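Residue 347 in numbering that gives the first Met the number 0 sits at position 348 of the sequence shown, with consecutive numbering throughout. All residues carry an ideal CB built from backbone N, CA and C; glycine is no exception. Everything numeric in this text was worked out from a predicted model, so none of it was measured. Read through the structure below, which is laid out as structure tokens, and then see the notes.
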Amino acid sequence: MKRSILAWGLCALLTVAPSSLLAQVEQLTEWQRQSFISRLPEVTASAKGAALRTHLQGHAKPATPAARLAAVNAARVALDVTNVTVQAPFIHYAVPPMSEYQRLPDLYPVDGEAGAPVRIVAAQDEYEPGAFTIYPLADLGKVAFSLTPFRNAEGKVFPAAQLDLKLLKVWYQNRNAWYSYFGDTGFKLVAELLLNDEDLILVDEEKEANYARLTAPDGTVTTQWLNPPRQMDVRFPWHYRRTHIFAPMRPDFADAATLQPVALNNGRFTTFFLTAHVTTNTAPGLYTGSVRLTRQNAAIGEIPVTIRVLPFVLPAPKCYFDTDKDFLTASYSYISLGMIMEENGGDLALARRQLREVLRNQVTHNQLVHWVRGDRDRETRLMIDTMREVGMRTDVLLGGLGVQHSGGQVGRESAARRAGQWFDQVVGHRNLYIGYGDEPGSAWLVGARPIYEAYQRAGFKFIIAGGDSVFYKAGYLYDWHNVAKWPENDSSTRIWNEVGNAHVAWYATMHVGPENPAFNRRQYGLANYLANYSATCNYAHHFGPYNDDRMTYRPMVLAYGVYGGVLDTIQWEGYREGIDDIRYATALKRLAQKAAKSPNIETRYAGNKALQYMATLSRTEGDLQTVRYEMIDRILALSEMR
């Protein structure tokens with residue numbers, strides 16, 4: 000039964016395999032569009048279900064480009080259900096959550112499967128999403144969504160508290176959105192936000208404008224324009240980084256705790272994410288349930304969902320070239336109490352609560368190392384205590400210590416010893432990477448050697464970003480290097496790993512910004528893992544801004560600040576999936592290496608085949624979900640061998 004996992008998962012993938020050859024936004028030729036429209040009379044006559052037939056009749060004579068596109072979509076959807084009696088006032092598609100394709104209201108889900116169950120496969124200690132797109136056959140108004148109980152064959156229930164259903168919100172972003180972190184003029188619709196309340200952000204498609212809904216304590220509701228021209232959207236707070244007028248972490252901008260009713264409009268595709276949190280205590284097996292849609296207190300249909308819980312716990316991520324070496328997960332960070340207070344109206348008590356939620360959210364997304372700002376002050380200690388509370392790593396620290404330049408070498412070494420005593424008391428170790436310098440030239444690197452020596456004598460380490468000059472001038476003494484190269488480029492890891500002491504991460508190509516979850520999954524996952532990097536540390540984790548009006552660089556946002564802490568995005572989900580790919584690869588390689596040493600020849604062959612498979616994986620191409628299923632299949636097989 001365990002070996003059926005790969006076939007079970009691939010069955011869903013193979014039905015949509017041709018989509019991998021297409022662009023991220025499908026481009027139909029005029030001949031193709033006309034061909035679909037010409038089939039409308041045929042599919043209308045053969046439609047099984049009154050709601051579908053009425054819907055198709057409404058597209059009989061499209062007169063405008065928008066109407067023609069709607070007619071094309073209607074025909075394509077009808078062709079997907081030719082042998083099905085459509086009883087609900089909608090048709091759903093199971094779609095890959097980590098897709099290259101954009102989920103927009105007028106874009107047919109070319110990689111979706113009509114009527115199929117949403118399939119989620121996850122190991123223990125993993126968050127795993129599934130997704131579905133709804134095509135309404137009429138204006139349904141606000142529709143409520145709920146989850147039925149999920150049970151396996153033994154009657155065990157998947158806890159409802161471990162399921163999170165959210166709307167994928169489409170709003171206006173920079174015209175370079177989805178593809179790049181570089182800016183462009185104007186806006187376009189992009190699917191990005193994962194919301195519980197769709198009306199938290201209002202979108203005006205005529206004005207290409209986003210608005211925040213602000214709710215005062217007395218219930219009064221107002222709106223604030225989120226994407227005005229950048230020249231009129233700047234405030235000057237008391238620290239060096241200029242921020243935007245909108246302050247999203249105030250109490251008046253709060254998402255709901257659970258998914259609220261969503262407007263389903265005639266012929267407009269709407270997408271949802273369902274994330275399952277599989278804990279180490281979740282019993283393995285296949286759980287089945289559904290998403291139930293209710294309108295005016297009456298059920299109008301259900302979307303089937305299966306959750307397969309695998310019989311193993313995902314390990315922490317380790318390196319491809321050394322399965323005992325930690326693969327560290329971090330990012331440059333603009334997160335501090337002061338920065339949160341700028342976004343929440345200056346409320347320190349609220350900022351402390353929000354900091355806890357922000358760091359907890361990082362843990363749930365596999366980012367376990369947080370870059371601490373400050374220099375051994377009260378906030379440094381609070382940050383470390385909060386990190387410990389939410390389950391972040393505190394056995395390794397980034398930041399939290401500045402270096403002393405003056406006083407000569409004796410003074411620097413004395414300052415380093417005092418700093419060491421402080422960290423001995425607070426965390427019990429000196430395994431801390433000091434961020435000193437940024438993208439330096441060769442002369443700076445040579446001149447800074449005495450500072451490195453003083454603090455490394457005291458047991459500290461150093462991290463820096465830059466190019467190859469860092470290796471050639473200071474490779475023997477640096478402990479963590481973020482190199483400005485593509486994640487699949489192994490030219491730096493080859494030489495750094497020969498020295499062997501440093502962690503190496505890529506950054507800048509690309510910086511944080513593109514919304515595409517598949518791209519994020521690849522660059523933070525197997526692309527850099529297979530290129531023998533040993534950390535992620537990209538630029539940067541901000542709270543916003545919500546205004547994407549930029550020219551040179553976009554704001555570089557992984558997730559947004561909100562009153563409750565974090566407003567999730569699909570690129571942030573992509574990061575989590577990428578690190579999970581590394582965790583699966585770690586599990587497989589460890590099992591394969593052990594099997595390769597077995598006295599049993601079948602076991603030894605299976606281990607070597609798994610290692611051979613990993614050696615053939617591409618850093619830049621291929622369907623990552625197929626790779627995931629292949630790794631799962633081999634993990635299950637090797638787990639049963641002796």
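Asked, Found
"Cβ separation of A121 and L309, assumed to be a contact under 8 angstroms, to the nearest whole Å", "7 angstroms"
"Nearest-angstrom Cβ-Cβ length linking I463 and H480, presumed shorter than 8 angstroms", "6 angstroms"
"Burial state of M231, where buried means 16 or more other Cβ atoms lie within 10 Å", "exposed"
"Cβ neighbour criterion (16 or more within 10 Å) applied to M550", "exposed"
"Neighbourhood of I90 by C-beta distance below 8 angstroms, restricted to the same chain and skipping five residues each side", "L51, V76, D79, V80, A113, G114, I133, Y134 and L136"
"Rounded separation between Q101 and L193 - CA only", "14 angstroms"
"Proximity winner among E620, S413, D622 and R603, relative to M640 (alpha-carbon distances)", "R603"
"Rounded distance between the beta-carbons of Y319 and Y471, thought under 8 angstroms", "About 25 angstroms; that fails the 8 angstroms criterion."
"Distance CB(D196)-CB(D251) smaller than 8 angstroms", "no"
"Stretch pair the region 526–546 + the region 573–584: three plus CB contacts closer than 8 angstroms", "yes"
"Per DSSP, cross-strand counterpart(s) of Q223", "A211"
"Alpha-carbon to alpha-carbon, V220 and F272", "28 angstroms"
"Distance CB(D110)-CB(V94) smaller than 8 angstroms", "yes"
"Burial state of G560, where buried means 16 or more other Cβ atoms lie within 10 Å", "buried"
"K588: first and last residue of the uninterrupted alpha helix (DSSP H) it sits in", "I569 to A594"
"Same chain, Cβ closer than 6 angstroms to E629, five either side skipped, listed in chain order", "none"
"Exposed unless 16 or more other CB atoms sit within 10 angstroms - verdict on D203", "exposed"
"Reduced DSSP category for L258 - H, G, I as helix; E, B as strand; rest coil", "coil"
"Alpha-carbon spacing of L188 relative to P598, whole angstroms", "58 angstroms"
"H541 to T28 span [Cα, whole Å]", "40 angstroms"
"Buried versus exposed call for L20 [16 or more other C-beta atoms within 10 Å across all chains shown]", "Low confidence applies to L20: its pLDDT is 34, below 50, so where it sits in the model is not reliable enough to give any reading."
"Per DSSP, cross-strand counterpart(s) of C318", "In DSSP, C318 forms no bridge with anything."
"According to DSSP, residues forming a beta bridge with D423", "Beta-bridge pairing links D423 to no other residue."
"Opening and closing residue of the beta strand (DSSP E) in which I306 lies", "A297 to V312"
"Beta carbon of F186 nearer than 8 angstroms to that of E207", "yes"
"Best match in A534, T379, V426 and Y286 for proximity to F157 [C-alpha to C-alpha]", "Y286"
"C-alpha gap between S335 and W224, whole angstroms", "26 angstroms"
"Cα-Cα separation between D547 and P227, rounded to whole angstroms", "9 angstroms"
"For N173, the first and last residue of its enclosing alpha helix (DSSP H)", "Unbroken run through N173 is the beta strand (DSSP E), L162 to N173; no alpha helix (DSSP H)."
"Identity of the residue in A262, F144 and R618 nearest P303 by Cα", "F144"
"F662 to Q366 span [Cα, whole Å]", "A query on residue 662 cannot be resolved here, the shown segment of the chain reaching from 0 to 641 and no further."
"Own chain residues within Cβ distance below 7 angstroms of T184, not counting five before or after", "R174"
"Helix, strand or coil at P128 according to DSSP, with G and I counted as helix", "strand"
"Which of helix, strand or coil DSSP assigns to V670", "Nothing can be reported for residue 670, as the shown portion of the chain is limited to 0 through 641."
"Start-end ranges of the alpha helix (DSSP H) lying completely within the region 330–414, minimum 4 residues", "336–343, 347–363 and 377–389"
"L166 vs L103 beta-carbon contact at 8 angstroms", "no"
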